[in-house]
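Visitor:
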Amino acid sequence: GLFGVPELSCPEGFQEAQDKALQESEQLVQKACSTPPGAETVMIFDQLSDALCRVADLADFVKIAHPDYAFREAAEEACRNIGTMVEKLNTDVELCQSLRRLLADEVVMSSLDPETRRVAELFMFDFEISGIHLDEEKRKKAVNLNVRILDLCNEFLTGTHLPNKIDKHVLPEHIRYNFTAEGNYLQVAGLHADCPDDLVREAAYKIFLYPNAEQLGRLEELLASRNSLAQLVGYNTFAHRALQGTMAKDPETVRQFLEKLSDQLSKRTQKDFEMMTKMKMKLNPQNSKLMPWDHPYYSGALRAERYNIDPGLYCPFFSLGACMEGLNSLFSQLLGISLYAEQTQRGEVWSEDVRKLAVVHETEGLLGYIYCDFFQRPDKPHQDCHFTVRGGRLKENGEYQLPVVVLMLSLPRSARGAPTLLSPGMMENLFHEMGHAMHSMLGRTRYQHVTGTRCSTDFAEVPSILMEYFANDYRVVNQFARHYKTGQPLPKNMVSRLCESKKVCAAADMQLQVFYAALDQIYHGKHPLKKSTTEILKETQEKIYGLPYVPNTAWQLRFSHLVGYGAKYYSYLMSRAVASMVWKQCFAQDPFDRAMGERYRREMLAHGGGKEPILMVQAMLQKSPSVEDFVDALVSDLDQDFETFIMDS
Numbered sequence: 001g002l003f004g005v006p007e008l009s010c011p012e013g014f015q016e017a018q019d020k021a022l023q024e025s026e027q028l029v030q031k032a033c034s035t036p037p038g039a040e041t042v043m044i045f046d047q048l049s050d051a052l053c054r055v056a057d058l059a060d061f062v063k064i065a066h067p068d069y070a071f072r073e074a075a076e077e078a079c080r081n082i083g084t085m086v087e088k089l090n091t092d093v094e095l096c097q098s099l100r101r102l103l104a105d106e107v108v109m110s111s112l113d114p115e116t117r118r119v120a121e122l123f124m125f126d127f128e129i130s131g132i133h134l135d136e137e138k139r140k141k142a143v144n145l146n147v148r149i150l151d152l153c154n155e156f157l158t159g160t161h162l163p164n165k166i167d168k169h170v171l172p173e174h175i176r177y178n179f180t181a182e183g184n185y186l187q188v189a190g191l192h193a194d195c196p197d198d199l200v201r202e203a204a205y206k207i208f209l210y211p212n213a214e215q216l217g218r219l220e221e222l223l224a225s226r227n228s229l230a231q232l233v234g235y236n237t238f239a240h241r242a243l244q245g246t247m248a249k250d251p252e253t254v255r256q257f258l259e260k261l262s263d264q265l266s267k268r269t270q271k272d273f274e275m276m277t278k279m280k281m282k283l284n285p286q287n288s289k290l291m292p293w294d295h296p297y298y299s300g301a302l303r304a305e306r307y308n309i310d311p312g313l314y315c316p317f318f319s320l321g322a323c324m325e326g327l328n329s330l331f332s333q334l335l336g337i338s339l340y341a342e343q344t345q346r347g348e349v350w351s352e353d354v355r356k357l358a359v360v361h362e363t364e365g366l367l368g369y370i371y372c373d374f375f376q377r378p379d380k381p382h383q384d385c386h387f388t389v390r391g392g393r394l395k396e397n398g399e400y401q402l403p404v405v406v407l408m409l410s411l412p413r414s415a416r417g418a419p420t421l422l423s424p425g426m427m428e429n430l431f432h433e434m435g436h437a438m439h440s441m442l443g444r445t446r447y448q449h450v451t452g453t454r455c456s457t458d459f460a461e462v463p464s465i466l467m468e469y470f471a472n473d474y475r476v477v478n479q480f481a482r483h484y485k486t487g488q489p490l491p492k493n494m495v496s497r498l499c500e501s502k503k504v505c506a507a508a509d510m511q512l513q514v515f516y517a518a519l520d521q522i523y524h525g526k527h528p529l530k531k532s533t534t535e536i537l538k539e540t541q542e543k544i545y546g547l548p549y550v551p552n553t554a555w556q557l558r559f560s561h562l563v564g565y566g567a568k569y570y571s572y573l574m575s576r577a578v579a580s581m582v583w584k585q586c587f588a589q590d591p592f593d594r595a596m597g598e599r600y601r602r603e604m605l606a607h608g609g610g611k612e613p614i615l616m617v618q619a620m621l622q623k624s625p626s627v628e629d630f631v632d633a634l635v636s637d638l639d640q641d642f643e644t645f646i647m648d649s
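Sequential numbering of the sequence shown, starting at 1, is according to full-length UniProt numbering.
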């Protein structure tokens, strides 16, 4: 069966697995309600969470990645049913009372260890978010809002990807071939951001981002419903609710962080825009005004012109085998961990090219399993991501339930006789996703509810972004990057040029991220919104980003992150700031420092989400970082490396 789960040897098995989980959870609910307050209460709650997550997490992955439609369909159904059960449990008054009795008992609470206390509080937080403390009428309202929000999220997400159609005669004949024809219409399914023809990019931008009334209605209802739910359960705004328990803690801190970062970036961003404008002028003298559809194209063109970073020059040095060896060697030196390929059983994997790795520590033994689903195939989503399939936890019998994760990439299949070759971007992504996997393997918490990457969104990306710093360090790359034909190592100046090329227009790129994050905060801030979502977009874009808003466009209707990262889009920037500080302070001098690796494991990875994120950061950095420190870390990363600059000049 899939992942070694016997029931899942066929799609119908999902029904069986789900029924078993629902049955087990009903017994655990009864047990929780009849157990006197103590550590055992938290343990039962965690077993309950584990019983449901073991099916839901696995199904979450299968419903998007399995090549067989019947499996995807069955997994989707299981997700829905478990989701309904979770909603029901979150509004089960008697179940909540058993936890409340524990939290109210000061003597018992003071006898619990900090992790158990935190997990108890996190479970309580889930209850309160669902409106358990309200009277019955309001509680019903909260449940209905939750259901409606879920539906709106799914509908909005679908709408973000739908192509727009236009009568083909509207576009000049010589650019029509760039778009898919459908009778008399052309379909525009994206922004064509890399197309060298300015006109194609302009047309794609104006057509793809043309406002759709239904999608606009969905977004407005989604934002209003989120706000109603947050206020119903006692928060000022949805942002206040979403930021509870994060590193940032509240919207005010996020606002300061984004404002200060924007101020620090503004001069550099202006310079970047001037460089792009000059380049546009050179290539297109009639129309040299820089527009939003120009930014991604001209920043890429400047990078190519200045550093000639042709991926084709790098790929031969980054065969998949070499990159995996590099990761193995790095983990071995830093953490005493090795990756071993393991034979899979029949029916255990969903595609014959999936590889299973055992993660083994030199003294602690087997820590868990990583399934590597690395290659493109029809119907497979084109995103690189990490999935928890089973969380780690200490079982009742004293054994440890080993974590199981999947790393999904979209690598091209290799030509016959040649190994799979990765571009520098793909290599960096592999390191990034492996950072998540190591967090999952080493976040060996007692409770499944806070295992591995089950932590606040603004901390979850720290271990993965930190791995990007290793992937861009010559001392690390030099250990594994070898030409697959000649065995020649990748020259140092090629690595330096690659790193420097990433800084070209990096300020403007970051400013764009600040704009998205600020927009997300305003949308989830005080309601009713002062203006329409499009007017807010225009105002925020011109104030923070600096390139003009284009009339009759509504970029926010394509902003799919509003679904999964509502009020939390800033997380990526804050995680990068922390990763940058950890790298500079702990690993930049020696990326293979074992003592530092152990400290990193002990202070940051080992706790999963079982410790407050800012406390983990403080323990690692041995100081308490301020908002200014976060901003300085991000901005100092943009400075050119003088040595490379001189070499290249």
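Yeah, the Cβ is synthetic: ideal placement off N, Cα and C, and Gly gets one too.
1) Ordered along the chain, which non-local residues of its own chain (more than five positions away) have a Cβ less than 7 Å from that of residue 51?
2) Excluding sequence positions up to five away, which residues of its chain have a Cβ less than 6 Å from the Cβ of residue 333?
3) Do residue 524 and residue 652 come within 8 Å of each other at the CB atom, strictly closer than that value?
4) Among the candidates 606, 554, 321, whose CA atom is the shortest distance from the CA of residue 453?
5) Three Cβ pairs or more, each shorter than 8 Å: is that satisfied between the segment 215–232 and the segment 503–515?
6) Look at the alpha carbon of residue 119 and the alpha carbon of residue 394, and state the distance between them as a whole number of angstroms.
7) Where does residue 547 fall in DSSP's three states?
8) From residue 55 to residue 86, what does the alpha carbon distance come to, in whole angstroms?
9) Can you find the residues in the same chain that come closer than 7 Å, C-beta to C-beta, to residue 649, ignoring five residues on each side of it along the sequence?
10) Would residue 620 pass as a contact of residue 600 if the rule is Cβ separation under 8 Å?
11) How far does the beta strand (DSSP E) with residue 180 in it extend, from its first residue to its last?
12) Would DSSP call residue 13 helix, strand or coil?
13) Here's the rule I'm using: 16 or more other beta-carbon atoms within 10 Å means buried, otherwise exposed. How should residue 692 be labelled?
14) By alpha-carbon positions, which one of 162, 184, 161, 160 ends up nearest to residue 171?
15) Touching or not, the segment 492–501 and the segment 256–276, by the rule of three or more beta carbon pairs under 8 Å?
16) Measuring alpha carbon to alpha carbon, tell me which residue in 90, 34, 14 is nearest residue 62.
17) With a threshold of 16 other CB atoms inside 10 Å of the CB of residue 201, please say whether the residue is buried or exposed.
18) Among the residues of its own chain, which have a CB less than 6 Å from the CB of residue 195, if the five just before and after it don't count?
19) What is the rounded straight-line gap between the Cα of residue 435 and the Cα of residue 596?
20) Under a three-way DSSP split, which group does residue 411 fall into?
21) Would the C-beta of residue 641 count as close to the ligand MN, meaning under 7 Å from any of its heavy atoms?
22) Would DSSP call residue 388 helix, strand or coil?
23) Answer with buried or exposed for residue 476, where buried requires no fewer than 16 other C-beta atoms within 10 angstroms of its C-beta.
24) At the level of alpha carbons, what is the spacing between residue 550 and residue 572?
25) Nearest by alpha-carbon distance to residue 587: which of 140, 320, 473 is it?
26) How about residue 446 and residue 115: do their beta carbons lie closer than 8 Å?
27) Using 10 angstroms around the beta-carbon of residue 368, count the other beta-carbons present and answer buried if the total reaches 16, otherwise exposed.
28) Beta carbon of residue 211, beta carbon of residue 554: below 8 Å?
29) Going by DSSP, name the residue or residues bridged to residue 368.
30) Taking Cβ to Cβ, would you say residue 407 is nearer than 8 Å to residue 437?
31) Which of helix, strand or coil does DSSP assign to residue 341?
32) Which residue wins for smallest C-alpha separation from residue 145, given the options 229, 541, 535?
33) For residue 16, I'd like the list of residues in its chain whose CB is within less than 6 Å of its CB, leaving aside the five on either flank, ordered along the chain.
34) Which partner residues does residue 165 have in the DSSP bridge list?
35) Evaluate residue 205 with the Cβ neighbour count: other Cβ atoms within 10 Å of its Cβ, from every protein chain shown; 16 or more gives buried, anything less gives exposed.
36) By how many angstroms is the C-alpha of residue 400 removed from the C-alpha of residue 559?
Guide: This is what the structure gives:
1) Your numbering for residue 51 matches position 51 in the sequence shown. Same-chain partners within the cutoff: 21, 24, 25, 28.
2) Sequence index remark: in the sequence shown, residue 333 carries index 333 (1-based). Excluding positions up to five away in sequence, the list reads 592.
3) Because the chain here runs from 1 to 649, residue 652 falls outside it and cannot be looked at.
4) Counting from 1 along the sequence shown, the entry for residue 453 is found at position 453. Nearest option by C-alpha distance: 606.
5) no
6) For the purposes of this step, residue 119 is taken as residue 119 along the sequence shown, with counting starting at 1. For the purposes of this step, residue 394 is taken as residue 394 along the sequence shown, with counting starting at 1. Near 14 Å, if we compare the C-alpha coordinates of residue 394 and residue 119.
7) Along the sequence shown, read from residue 1 onward, the residue named residue 547 stands at position 547. Of the three classes helix, strand and coil, the one that applies to residue 547 here is coil, per DSSP.
8) As a first step, residue 55 is located in the sequence shown; it is residue number 55 there, counting from the start. As a first step, residue 86 is located in the sequence shown; it is residue number 86 there, counting from the start. Roughly 12 Å separates the two Cα atoms.
9) For the purposes of this step, residue 649 is taken as residue 649 along the sequence shown, with counting starting at 1. Model confidence at residue 649 stands at a pLDDT of 47, short of 50, so the residue's coordinates are unreliable and nothing is read from them.
10) Position 620 of the sequence shown, counted from the first residue, corresponds to residue 620. Position 600 of the sequence shown, counted from the first residue, corresponds to residue 600. The criterion of a C-beta distance shorter than 8 Å is satisfied by residue 620 and residue 600.
11) By one-based count along the sequence shown, residue 180 stands at place 180. 180–182 is the span of the beta strand (DSSP E), which, as asked, contains residue 180.
12) As a first step, residue 13 must be located in the sequence shown, where it is residue number 13. Residue state, collapsed to three classes: helix.
13) This structure does not reach residue 692, given that the chain is present from 1 up to 649, and the question cannot be answered.
14) On the sequence shown, residue 171 is found 171 positions in, with the first residue counted as 1. Nearest option by C-alpha distance: 184.
15) no
16) Looking up residue 62 in the sequence shown gives position 62. The candidate whose alpha carbon is nearest that of residue 62 is 14.
17) Within the sequence shown, numbered from 1, the residue matching residue 201 stands at position 201. Its Cβ being crowded by 16 or more others within 10 Å, residue 201 is buried.
18) As a working note, residue 195 is residue 195 in the sequence shown. Excluding sequence neighbours, residue 195 sits near 201.
19) The sequence position of residue 435 within the sequence shown is 435, counting from 1. The sequence position of residue 596 within the sequence shown is 596, counting from 1. Those two C-alpha atoms are separated by around 16 Å.
20) For the purposes of this step, residue 411 is taken as the residue at position 411 of the sequence shown. Strand at residue 411.
21) Looking for the ligand MN in the displayed structure turns up nothing, as the structure carries no ligands at all.
22) Counting from 1 along the sequence shown, the entry for residue 388 is found at position 388. Residue state, collapsed to three classes: strand.
23) The sequence position of residue 476 within the sequence shown is 476, counting from 1. Burial call: buried.
24) Residue 550 sits at position 550 when you count from the first residue of the sequence shown. Residue 572 sits at position 572 when you count from the first residue of the sequence shown. Answer to the nearest angstrom: the Cα atoms are 27 Å apart.
25) Position 587 of the sequence shown, counting from 1, holds the residue named residue 587. For residue 587, the nearest C-alpha among the options comes from 473.
26) Within the sequence shown, residue 446 is the residue found at index 446, counting from 1. Within the sequence shown, residue 115 is the residue found at index 115, counting from 1. Their beta carbons are under 8 Å apart, which means residue 446 touches residue 115 by this criterion.
27) On the sequence shown, residue 368 is found 368 positions in, with the first residue counted as 1. So residue 368 counts as buried.
28) Taking the first residue of the sequence shown as 1, we reach residue 211 at position 211. Taking the first residue of the sequence shown as 1, we reach residue 554 at position 554. Yes.
29) Here residue 368 corresponds to residue number 368 of the sequence shown, with the count starting at 1. According to DSSP, residue 368 bridges with 359.
30) Against the sequence shown, residue 407 aligns to sequence position 407. Against the sequence shown, residue 437 aligns to sequence position 437. The answer is yes: Cβ separation under 8 Å.
31) Position 341 of the sequence shown holds residue 341. Strand.
32) Within the sequence shown, residue 145 is the residue found at index 145, counting from 1. The candidate whose alpha carbon is nearest that of residue 145 is 229.
33) Translated into positions along the sequence shown, residue 16 becomes position 16. Result list for residue 16: 7, in chain order.
34) Along the sequence shown, read from residue 1 onward, the residue named residue 165 stands at position 165. Bridge partners of residue 165: 187.
35) Numbered from 1 along the sequence shown, position 205 holds the residue referred to as residue 205. It counts as buried.
36) The residue you call residue 559 lines up with position 559 of the sequence shown. The residue you call residue 400 lines up with position 400 of the sequence shown. Residue 559 and residue 400: Cα-Cα distance of roughly 40 Å.
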